[in-house]
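Student:
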Amino acid sequence: MTPFTMRVIEIIRSIPEGAVMTYGQIAELAGSRRGARQVVRILHSSSRKYGLPWHRVVNSKGEIALQDEEGRRMQAMYLRDEGVPVDDRGRVDLPARQYIPGPD
DNA sequence: AAATTGACGGGTG
DNA sequence: CCACCCGCCAATT
Numbered sequence: 001m002t003p004f005t006m007r008v009i010e011i012i013r014s015i016p017e018g019a020v021m022t023y024g025q026i027a028e029l030a031g032s033r034r035g036a037r038q039v040v041r042i043l044h045s046s047s048r049k050y051g052l053p054w055h056r057v058v059n060s061k062g063e064i065a066l067q068d069e070e071g072r073r074m075q076a077m078y079l080r081d082e083g084v085p086v087d088d089r090g091r092v093d094l095p096a097r098q099y100i101p102g103p104d
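In structure tokens:
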């Protein structure tokens, strides 16, 4: 596993309940400013295996990005369960909910 | 080895 | 807001 992948996994692990991060933001924090698509790939291959809170990752517009209808419903349900409002178009209030890690 | 493929993102109109 | 277009980049074809 590449260092980048490891960092991505750690970052996703660090997203608090009730908050979200975007693909691009995660990629950038992990050291690849244009690696958003790699974050997608990693979620596909590792979210189940490592028990990641994959539902806390949305796109830069604050939308659920999953294509599969079933998956979209699951993600919206998980988010609402932890107190994040999701509208009928699958969007969350990004400015209000985006997790920005401190400089630690 | 070349083309295709995304749970993306920013810019433009 | 919406629709496009184009850059991105590693895994799969």
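Anchor point for the first sequence: position 17 equals 17 in the numbering used here, and the numbering is continuous, going up by one each time.
Glycine included, each C-beta is placed from N, C-alpha and C at the ideal position.
1) Restricting to Cα atoms, I'd like to know which of 37, 13, 62 and 31 is closest to residue 48.
2) Pick out whichever of 42, 19, 29 and 92 has its Cα sitting closest to the Cα of residue 61.
3) Do the CB positions of residue 57 and residue 21 come within less than 8 Å of each other?
4) In angstroms with no decimal places, state the Cα-to-Cα distance between residue 54 and residue 36.
5) From residue 100 to residue 76, what does the alpha carbon distance come to, in whole angstroms?
6) Please list the terminal residues of the continuous alpha helix (DSSP H) segment that includes residue 5.
7) Using C-beta distances below 7 Å, list every residue in its chain close to residue 90, excluding the 5 sequence neighbours before and after it, in chain order.
Tutor: In terms of the structure at hand:
1) Cα-wise, what sits closest to residue 48 is 13.
2) Comparing Cα-Cα distances from residue 61 to each of 42, 19, 29 and 92, the minimum goes to 92.
3) Yes, they are a contact pair.
4) Distance between the alpha carbons of residue 54 and residue 36: 14 Å.
5) Rounded to the nearest whole angstrom, the CA to CA distance from residue 100 to residue 76 is 21 Å.
6) It spans 3-13 - the alpha helix (DSSP H) in which residue 5 sits, taken as one unbroken run.
7) Excluding residues within five positions, the ones whose Cβ falls inside 7 Å are 63, 64, 72 and 76.
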